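**Student:** The following block contains the structure, expressed as structure tokens.
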Amino acid sequence: DTGVSQDPRHKITKRGQNVTFRCDPISEHNRLYWYRQTLGQGPEFLTYFQNEAQLEKSRLLSDRFSAERPKGSFSTLEIQRTEQGDSAMYLCASSIPTGSGNSPLHFGNGTRLTVT
Amino acid sequence: GENVEQHPSTLSVQEGDSAVIKCTYSDSASNYFPWYKQELGKRPQLIIDIRSNVGEKKDQRIAVTLNKTAKHFSLHITETQPEDSAVYFCAALRRTGANNLFFGTGTRLTVIP
Chain C
1 DTGVSQDPRH KITKRGQNVT FRCDPISEHN RLYWYRQTLG QGPEFLTYFQ
51 NEAQLEKSRL LSDRFSAERP KGSFSTLEIQ RTEQGDSAMY LCASSIPTGS
101 GNSPLHFGNG TRLTVT
Chain X
1 GENVEQHPST LSVQEGDSAV IKCTYSDSAS NYFPWYKQEL GKRPQLIIDI
51 RSNVGEKKDQ RIAVTLNKTA KHFSLHITET QPEDSAVYFC AALRRTGANN
101 LFFGTGTRLT VIP
């Protein structure tokens, strides 16, 4: 499967613990996005990378959240001191710019986080 | 920022009938409008998209229309089948500046056999 892959698929953690998720985008895609989706809602943008540069962060991304893409390939999203409100599906997506504008985002299967 | 509203939140149709989902957006600079289908527990998958220089696009049983003046766009599914049952999300993206998609809240479509 050459699509976007995310690991782990599921994560259960206790409140206050740190968690880290990984995303491997489609290999030739230089843009990588993190979204969060809660039940019954559409995905909400968290942050965006072009190559290794983090170009935009949502106000949803509190200080407890940090994302990296050190070599411009895979990315990690870390949540420190997790809270129950962090429980959600964390989706990664990638895309490649085209001459006519932005190309479609291709999503991974997500990491479902449950904070108890 | 962009605000995308989507209606209806749920939609039930008989197999073979048509389904229409409507979205409005607030930012006139938005110029790319994809639609995603998400089945339970699965990733959102792109089913069709339209750019602002086009008013309509069709792909087999699926079509999208865009009215830039009114800032709304719609998804049309004809001859619906049970496998069309899923949650559908519209989204809007600005070509320059922000590179993130703003999603609607989703429409749960149920096709009754």
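Residue numbers (the working numbering), protein chains in the order written: chain C, 1 to 116; chain X, 1 to 113.
Glycine included, C-beta positions come from ideal geometry on N, C-alpha and C.
Remember, it's a predicted structure, so these values are computed and weren't measured experimentally.
Look at T47 (chain C) and S58 (chain C) and say whether their C-beta atoms are less than 9 Å apart.
**Tutor:** Residue 47 (chain C) sits at position 47 when you count from the first residue of the first sequence. Residue 58 (chain C) sits at position 58 when you count from the first residue of the first sequence. Cβ atoms of T47 (chain C) and S58 (chain C): closer than 9 Å.
**Student:** Could you list which residues in chain C have their beta carbon closer than 7 Å to that of D49 (chain X), in chain order?
**Tutor:** The sequence position of residue 49 (chain X) within the second sequence is 49, counting from 1. Within chain C, the residues near D49 (chain X) are P104.
**Student:** Name the DSSP beta bridge partners of Q6 (chain X), please?
**Tutor:** What you label residue 6 (chain X) is simply residue 6 of the second sequence in a count that begins at 1. In DSSP, Q6 (chain X) forms a bridge with X:C23.
**Student:** Report the neighbours of P8 (chain C) on chain X: residues whose CB is nearer than 8 Å to its CB, in chain order.
**Tutor:** The residue given as residue 8 (chain C) occupies position 8 in the first sequence. Correct list: empty, because the minimum Cβ distance to chain X is about 15 Å.
**Student:** DSSP puts E78 (chain C) in a beta bridge; with which residues?
**Tutor:** Counting from one through the first sequence, the residue named residue 78 (chain C) turns up at place 78. Partner(s): C:T20, C:S66.
**Student:** On a Cα-Cα basis, can you pick out the residue from X:K42, X:T65, X:L40 that is closest to R51 (chain X)?
**Tutor:** Within the second sequence, the letter at position 51 stands for residue 51 (chain X). The option with the nearest alpha carbon to R51 (chain X) is X:T65.
**Student:** Distance, Cα to Cα, C90 (chain X) vs Q37 (chain C)?
**Tutor:** Mapped onto the second sequence, residue 90 (chain X) falls at position 90. Mapped onto the first sequence, residue 37 (chain C) falls at position 37. Computed Cα separation, rounded: 14 Å.
**Student:** Against chain X, does S58 (chain C) count as a neighbour if the rule is that its beta carbon must be under 9 Å from one of theirs?
**Tutor:** Residue 58 (chain C) sits at position 58 when you count from the first residue of the first sequence. Closer than 9 Å: yes.
**Student:** Assign Q41 (chain C) to one of three DSSP states: helix, strand, or coil.
**Tutor:** Here residue 41 (chain C) refers to the residue found at position 41 when the first sequence is read from its first residue. Q41 (chain C): coil per DSSP, three-state reduction.
**Student:** Within 8 Å, do at least three Cβ pairs link the segment 80-90 of chain X to the segment 30-49 of chain X?
**Tutor:** The answer is yes - the segment 80-90 of chain X touches the segment 30-49 of chain X, with three or more Cβ pairs under 8 Å.
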